[in-house]
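Below is one structure, written out as structure tokens; the observations come after it.
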Amino acid sequence: MALRPQSQPFEIVPDELDELAEESQRHRRSHFARAFSRLMRKKIAVAAMAIIAIIWLSGIFAAPLSTFVTGYEYTAQDYTAFREPPSLEHWAGTDRAGRDVFTRLLWGIQNTVILTFVGMFSGGLVIGITLGLVSGYFGGKIDGFVMRIGEIFASFPGILLVIIIAATLRPRILETVRWVEDNTFLDGLVRSGVVDYVVISVALVSFGWIGMARLVRGQILYLKETQYVESARAIGVSTPRILFQHLLPNAISPIVVTVSAGMGTMVGTEIVLSWLGLGIQPPRPSLGVMLLEGGSISVLRVMPWLLLAPGAIAWAMLLSWNLLGDALNDVLNPRTR
Amino acid sequence: MWVYIVRRLLFLPVTLVAVSLITFALGHYGPGDPVRVLMGNKYDEVAAERLRDELGLNRPFFVQYGDYMYGFFQGDFGESLRFIGQPVRDLIVPKMWVSAQLSIAAMIIGLSFGLPLGFYIAHKQGSWQDPTTVTIAIVLASIPIMVTVPSLLWVGCLKTDLIPCSGWGGFFDPRIVVPAITMGVPGIAGLMRFMRASTLDVLGQDFIRTAHSKGLGTLRIDSGHVLRNAMIPIVTILAFSLAGLIEGSFIMETIMGIPGVGRFAVESIFNRDYPIIMAITLLGAMAFVLANLLADVAYAYIDPRIRYS
Chain L
3 MALRPQSQPF
13 EIVPDELDEL
23 AEESQRHRRS
33 HFARAFSRLM
43 RKKIAVAAMA
53 IIAIIWLSGI
63 FAAPLSTFVT
73 GYEYTAQDYT
83 AFREPPSLEH
93 WAGTDRAGRD
103 VFTRLLWGIQ
113 NTVILTFVGM
123 FSGGLVIGIT
133 LGLVSGYFGG
143 KIDGFVMRIG
153 EIFASFPGIL
163 LVIIIAATLR
173 PRILETVRWV
183 EDNTFLDGLV
193 RSGVVDYVVI
203 SVALVSFGWI
213 GMARLVRGQI
223 LYLKETQYVE
233 SARAIGVSTP
243 RILFQHLLPN
253 AISPIVVTVS
263 AGMGTMVGTE
273 IVLSWLGLGI
283 QPPRPSLGVM
293 LLEGGSISVL
303 RVMPWLLLAP
313 GAIAWAMLLS
323 WNLLGDALND
333 VLNPRTR
Chain X
5 MWVYIVRRLL
15 FLPVTLVAVS
25 LITFALGHYG
35 PGDPVRVLMG
45 NKYDEVAAER
55 LRDELGLNRP
65 FFVQYGDYMY
75 GFFQGDFGES
85 LRFIGQPVRD
95 LIVPKMWVSA
105 QLSIAAMIIG
115 LSFGLPLGFY
125 IAHKQGSWQD
135 PTTVTIAIVL
145 ASIPIMVTVP
155 SLLWVGCLKT
165 DLIPCSGWGG
175 FFDPRIVVPA
185 ITMGVPGIAG
195 LMRFMRASTL
205 DVLGQDFIRT
215 AHSKGLGTLR
225 IDSGHVLRNA
235 MIPIVTILAF
245 SLAGLIEGSF
255 IMETIMGIPG
265 VGRFAVESIF
275 NRDYPIIMAI
285 TLLGAMAFVL
295 ANLLADVAYA
305 YIDPRIRYS
């Protein structure tokens, strides 16, 4: 709504005309710019984004942070400080082996950040969106095939499929990587933890695409009947161009919401897999393993920081993604606004 | 409608075959050997070979698979490889019942808090109660189970001595409280948001305004008009969660030492006990498909305007 000068409501001088034009220009911002400014007005969403940024940055920069800030290696044992409660020396205390919990948290966060990013990017974004676009746009047999496959994957009880895949793939992938090590000049692959990453990524991707594919398909089914798509087809626009330049940008709002909410699920699944012993292997730190080690009532009684420190991080991650997803849904979804 | 139901039911065997084939292949070609797990450190080649023959593990993949599926569709889930001689059905049915009791308890908590809260905050849209309640629910629902359970036990068992620390005693035993709360609270957040959206949908419709303008009381409108229509989508959710009844939550069951089916499934994966993994995934998949169908049918039954083709 343009502002009108209060004193002379009906008279517009050229100066003000310019201002009005500018004003209306400002209001003709894109859907996303408007959604973004609505999002920034939500304090909770801003806080969630800040928390995610802090956690992700501290995970990404785990190496410099652990060298310069905490000053410990994640496997380094301090023989003078076993089971120390949090202090200035050890910000989150030390564990039973005298390792600095804060440093291990940083590296654990790094694993979670990498894995959830890979899982969401390849499973949700690349595979999910492509399959959704294709099956929604072309329909017919392709659509039926993709959706049936999704249905089959989705009908596995709980995350049992993920667990079965992770449990049965690990030794196979380990064998393959060992073979690569033996037969090429590459060395130290197994020790670097590549296997763990591959196993969890495959497991996360295997179920991560279904929800996204269904969502995108639903959007496309509706969008492809609209006139602008018809006219694009009529003037001979190529199919990939219609898919990625005309259809995808219009389906982006629900995708953003799904990604944010899905990241929470990814984080949870990664933690559960490591907790079960199928993910990152000790001594490499991961939030799941730390939660397992600290997660009994007898440990909680004497060394609460072993559970509460990784627990707080895991909680903050899940919470921020969920809250952000909720806020994004509010600002992007016209039905609930 | 009937055509739709029949078509969906016809697809059920296809789903089951696909699910079972994936599970069986992953188990069969995956590493690990049930015989090795079974014999432990008393492993010796001759005895192992004889045991393999006895268990039928030396037959070709498709013979084993076909044999299993033939039995499955006749209600015979085979015998466990780990607990030799024990039918899978006798092993998993009591465990499923345990998991189902736990899920029901969690569902009661979720429903009895989630639905009223969602209904209430939908009426408070725009005021502070609405976002505050949603935020609190999300905050509580995001706490990882691995943190909630030890913390609740620390309070309830170590500090106050109200409940025993672990184990299982059935639906009416105090030991169900901690797992039920832990599993129920995340459900509150989900159901609450769903109920809120559904109630808001109804509140925005013309017949509600008509009801107000013809002078009906708020209570009458809320109970007679709003609630009845807002509950329709909830039925779908309820039908869906029926499938979850027999799945169990393996984290909870492991931490608390509850003899449920979730924990048993994970143990069986590690023990390479294929018949048990097969039976659990297949029954779970079957429940999922049927619950899906039930949700669709219930939806059409409650709201006759809905047509499936």
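These protein sequence lines are chains L and X, in that order.
If you want my numbering, it's the 1-based position in the first sequence plus 2.
If you want my numbering, it's the 1-based position in the second sequence plus 4.
The C-beta atom is built at its ideal place from N, Cα and C for all residues, glycine as well.
Under the 7 Å criterion on CB atoms, X:T19 is classed as interfacial with respect to chain L. The residues L309, in chain order, have a CB closer than 7 Å to that of L:G297 in the same chain once the five nearest residues on each side in sequence are set aside.
In this structure L:N324 is buried. Its beta-carbon is surrounded by 16 or more other beta-carbon atoms within 10 angstroms. Ranked by Cα distance from X:S84, the options X:L42, X:M100, X:I26, X:Q105 are led by X:L42. For X:W158, the closest Cβ of chain L is nearer than 7 Å. Within the same chain, and ignoring the five residues on either side of X:R12 in sequence, the residues whose Cβ sits closer than 6 Å to its Cβ are L297. In this structure, DSSP gives L:Q221 a helical state, which the three-state scheme calls helix. L:G264 is not a Cβ neighbour of L:S203, given a cutoff of 7 Å. Our two residues, L:Y81 and X:A51, have alpha carbons roughly 48 Å apart in a direct line. Not a single C-beta of chain L is nearer than 7 Å to the C-beta of X:S245. With fewer than 16 neighbouring CB atoms inside 10 Å of its own CB, X:H216 falls in the exposed class.
Runs of the alpha helix (DSSP H) spanning 4 or more residues and lying entirely within the stretch 70-99 of chain X do not occur at all.
Nearest in C-alpha terms to L:Q112, of all of L:G195, L:S137, L:I131, is L:G195. Distance from the CA of L:A205 to the CA of L:T118, rounded to the nearest whole angstrom, comes to 11 Å.
If you draw a straight line from the Cα of L:S124 to the Cα of L:V207, it is about 7 Å long. Taking a C-beta distance under 7 Å as the contact criterion, X:L16 and X:V293 qualify as a contact pair. With three or more CB-CB distances shorter than 8 Å, the stretch 165-185 of chain X counts as touching the stretch 259-272 of chain X. Beta-bridge partners of L:D102 (DSSP): L:T96. Secondary structure at L:Q79: strand, using DSSP grouped into helix, strand and coil. Assigned with DSSP and collapsed to three states, L:G195 falls in coil, not helix or strand. No Cβ of chain X is located within less than 7 Å of the beta carbon of L:I175. Contact annotation: in the stretch 201-221 of chain L, no residue has its CB less than 9 Å from a CB in chain X.
Assigned with DSSP and collapsed to three states, X:D177 falls in coil, not helix or strand.
Under the criterion of beta carbons closer than 8 Å, X:T186 and X:T152 qualify as touching, at roughly 5 Å. For X:S131, the three-state secondary structure derived from DSSP is coil. Taking C-alpha positions only, X:Q133 is separated from X:L144 by approximately 16 Å. Put simply, the CB of L:N324 is near chain X, with a gap under 7 Å to one of its CB atoms. Around the C-beta of X:N233, 16 or more other C-beta atoms lie within 10 Å, and the residue is accordingly described as buried. Within chain L, no C-beta atom comes less than 7 Å from the C-beta of X:I96; the nearest is roughly 12 Å away. Sequence-distant Cβ neighbours of X:S253 in its own chain, meaning closer than 7 Å and more than five residues away, are M187, G266. Rounded to the nearest whole angstrom, the CA to CA distance from L:A94 to L:V333 is 37 Å. Counting other Cβ atoms within 10 Å of its Cβ, X:W6 stays below 16 and is therefore classed as exposed.
Counting only Cβ-Cβ distances below 7 Å, L:W317 has contacts in chain X at S146, I147, P148, V151, in chain order.
For the stretch 145-160 of chain L, the set of residues with a beta-carbon nearer than 9 Å to any beta-carbon of chain X comprises R150, I151, E153, I154, F155, A156, S157, F158, P159, G160, in chain order.
Of all residues in the stretch 53-65 of chain X, none places a beta-carbon less than 7 Å from a beta-carbon of chain L.
Across the set X:L166, X:A201, X:G70, X:A141, the C-alpha of X:A201 shows the shortest separation from the C-alpha of L:N331.
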